[in-house]
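In what follows, a structure is listed as structure tokens, so that the remarks can point back to it.
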């Protein structure tokens, strides 16, 4: 789960990490008033759950109040990677002497959190990792080790040769790690950590992702959720217990299991089509899930054909078939539906689907080929 | 032979009285697995269709001689259940449960270091040595004893691949779903080492997906050490960056973890990558014949 920069900075404040907090604005007039009050150049930053805000024009400096209003109105109207910007974070521009990067994430291979730091902050860490990997320091952390002070200090002095700055950085790293563990983060990042004109280190930006699997022990996350940053169909699918990701194509997919769902998307592409979504109906075979899945897929008017690809293990094919029948009786399905049900109770399922106008196939390549073909025919019709 | 488990492996089921736990304990027993007991704290002394239930893993191990456990325990209790199994020194711990926080898994991982216990999962379908024993939720009937080892990050996609192998007459020695989470107990490389030593296994199918760099590291390992034929499949060529595709571990972060990079890594070490599950048996047959 993503949260906004301003929310991450609120957490920084709670844990004692120095950060440029700023004000959250929702109108250009608020930007005008704030700039007037500060009477110095201000920075305006789009609050959006997407990387690359700067490149997309979502971060601007304004020198006057009029300029602040104008630039805020530009940012507030824009969409970045398909996400609408409805909030801007604004603060007085800092005097910047040096920019560093600090982050903690999970190193899957080491099976540990890894502390990442570099004195060359301010640019995307992935880009830096490609161009100058030698300037990035990485230290894996043993979570069962209660004495991490030495590790934090060694990272801090890698970035800052000056003992006084290293001491400040070490304190920030310790607090960052505390947030990471206590709040079940998947990623926490300060980019840049700035040395200002008072010789203090201060976080100009803040990024936090939470580990979705830990949501059960963090009821407070719910208040940080911003529904405007989520695809409405993805949200609805989640409420129905389905795992769904919207894509750009025109062939809807309903599959059981995430790996098989991805493989289905890939094969649609290989067969000359474009998948409209990723959808995993999960392991249980509640017929209502199929009904809901079809509703969500059909709410996208671009969809021209649907593939249902089920390999029954725990999922029973006859339950899926009943769900499909229930759906055809309760709603109008304006596009061809191609079904392949293999595994547990497949015979009962084909009995149930007999006599309907659904397209049924025996194998995964066949059902996909058929759906791609029918989607192309539908496209011509329209 | 097979790896990890065979018809002699004595197995307990943690969470045996739950809906999934009881269903799969019975279906495992029906397949031929030696299910010798179950564990549910507070329900010791009862039984599930003749399978005795114990209060703790230690007690179950003492009374039944269990060597392995399969966990069907809800996510919020799963890590303490795993810990119990590790402390009881069971040889194999299979965790089916999905949705365990990654920091919990990291703590479990640290507690495993220096111990003999092997953890499979979490968020996985389990292990099957066809015709001998299954510790998991896969449909037994699609499998057939034979010489192909299968290692996969997925569940139903593995069934699809196994189904294709069986249909084309190629049986399997052991199939392992290692789990779809970012941090899992046992990885591709650990299992390839076991398959290397297993005389029955003639070749191995690896089923990877987007996220992380495990496939790239495995390709490197294959070049250096693995001598048997390998065929790979990678799911997620059409997955967008930054989106979690169902599995917690299936996410491309920036330019890291793409299907392209994994396919390229396998290609560079001479491992053919199938473009669909149906291609896998043919590719394997060619390698075994040459």
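Chains as they are written, first to last, in the numbering used here: chain B, 100 to 481; chain G, 371 to 660. Beta carbons: idealized from backbone N, C-alpha and C, even for Gly.
Asked                                                                                                                    : Found
Classification of residue 165/B by the beta-carbon crowding that lies within 10 angstroms, buried from 16 upward         : exposed
Residues bridged to residue 436/G (per DSSP)                                                                             : None, per the DSSP bridge assignment.
Any C-beta of chain G under 8 Å from that of residue 364/B                                                               : yes
Residues in the region 321-343 of chain B having any Cβ partner in chain G nearer than 8 Å                               : 342
Proximity of residue 531/G and residue 577/G at Cβ, strictly below 8 Å                                                   : yes
8 Å Cβ cutoff met for residue 473/G and residue 213/B                                                                    : no
Contact check, residue 301/B vs residue 293/B, beta carbons under 8 Å                                                    : yes
Contained alpha helix (DSSP H) runs [length at least 4] in the region 158-204 of chain B, N- to C-terminal order         : 164-176
Bounding residues of the alpha helix (DSSP H) (the contiguous stretch that carries residue 338/B)                        : 331-338
Uninterrupted alpha helix (DSSP H) stretches inside the region 517-574 of chain G (no shorter than 4 residues)           : 526-537 and 558-567
Secondary structure of residue 304/B, DSSP reduced to three states                                                       : coil
Where residue 444/B falls, given that 16 or more other Cβ within 10 Å makes a residue buried                             : buried
Cutoff 8 Å: residue 676/G Cβ touching any chain B Cβ                                                                     : Residue coverage of chain G in this structure runs from 371 to 660, which leaves residue 676/G outside it and unanswerable.
Contiguous alpha helix (DSSP H) assignments of at least 4 residues, all confined to the region 411-474 of chain G        : 427-434 and 445-457
Of the residues 274/B, 401/B, 381/B and 136/B, the one placed nearest residue 345/B, counting alpha carbons only         : 401/B
Proximal residues, the region 270-293 of chain B versus chain G, C-beta separation under 8 Å                             : 280, 283 and 285
Beta-carbon gap between residue 425/G and residue 458/G smaller than 8 Å                                                 : no
Identity of the residue in 182/B, 178/B and 192/B nearest residue 167/B by Cα                                            : 192/B
Members of the region 348-382 of chain B near chain G, C-beta cut-off 7 Å                                                : 355, 356, 357, 358, 359, 360, 361, 362, 364, 365, 366, 368, 369, 374, 377 and 379
Buried or exposed by the 16-neighbour rule on C-beta atoms within 10 Å, applied to residue 239/B                         : exposed
8 Å Cβ cutoff met for residue 516/G and residue 538/G                                                                    : no
Exposure label - residue 508/G; buried when at least 16 CB within 10 Å                                                   : buried
Entirely enclosed alpha helix (DSSP H) segments - the region 484-515 of chain G, minimum 4 residues                      : none
is_contact[residue 485/G, chain B] using C-beta, thresh 8 Å                                                              : no
Residue 237/B - partner residues in DSSP beta bridges                                                                    : 215/B
Pair within 8 Å by beta-carbon distance, residue 470/G and residue 453/G                                                 : no
Segment contact flag, the region 378-396 of chain G with the region 404-418 of chain G, C-beta cutoff 8 Å, min 3 pairs   : yes
In DSSP terms, what residue 109/B is bridged to                                                                          : DSSP, once it has assigned bridges, lists no residue as partnering residue 109/B.
Cβ neighbour criterion (16 or more within 10 Å) applied to residue 100/B                                                 : buried
Inter-residue spacing [alpha-carbon to alpha-carbon] between residue 160/B and residue 296/B                             : 19 Å
Residue 450/B - DSSP class collapsed to helix/strand/coil                                                                : helix
Counted within 10 angstroms of its Cβ, other Cβ atoms place residue 502/G as buried (16 or more) or exposed              : buried
Cβ neighbours of residue 590/G in the same chain (closer than 8 Å, five flanking residues each side left out)            : 635 and 639
Chain-ordered chain C contacts of residue 644/G [CB-CB under 7 Å]                                                        : Looking for chain C here will not work: the only protein chains present are B and G.
Any C-beta of chain B under 8 Å from that of residue 579/G                                                               : yes
Spatial neighbours of residue 455/G in its chain, beta-carbon cut-off 6 Å, leaving aside the 5 residues before and after : 427, 439 and 463
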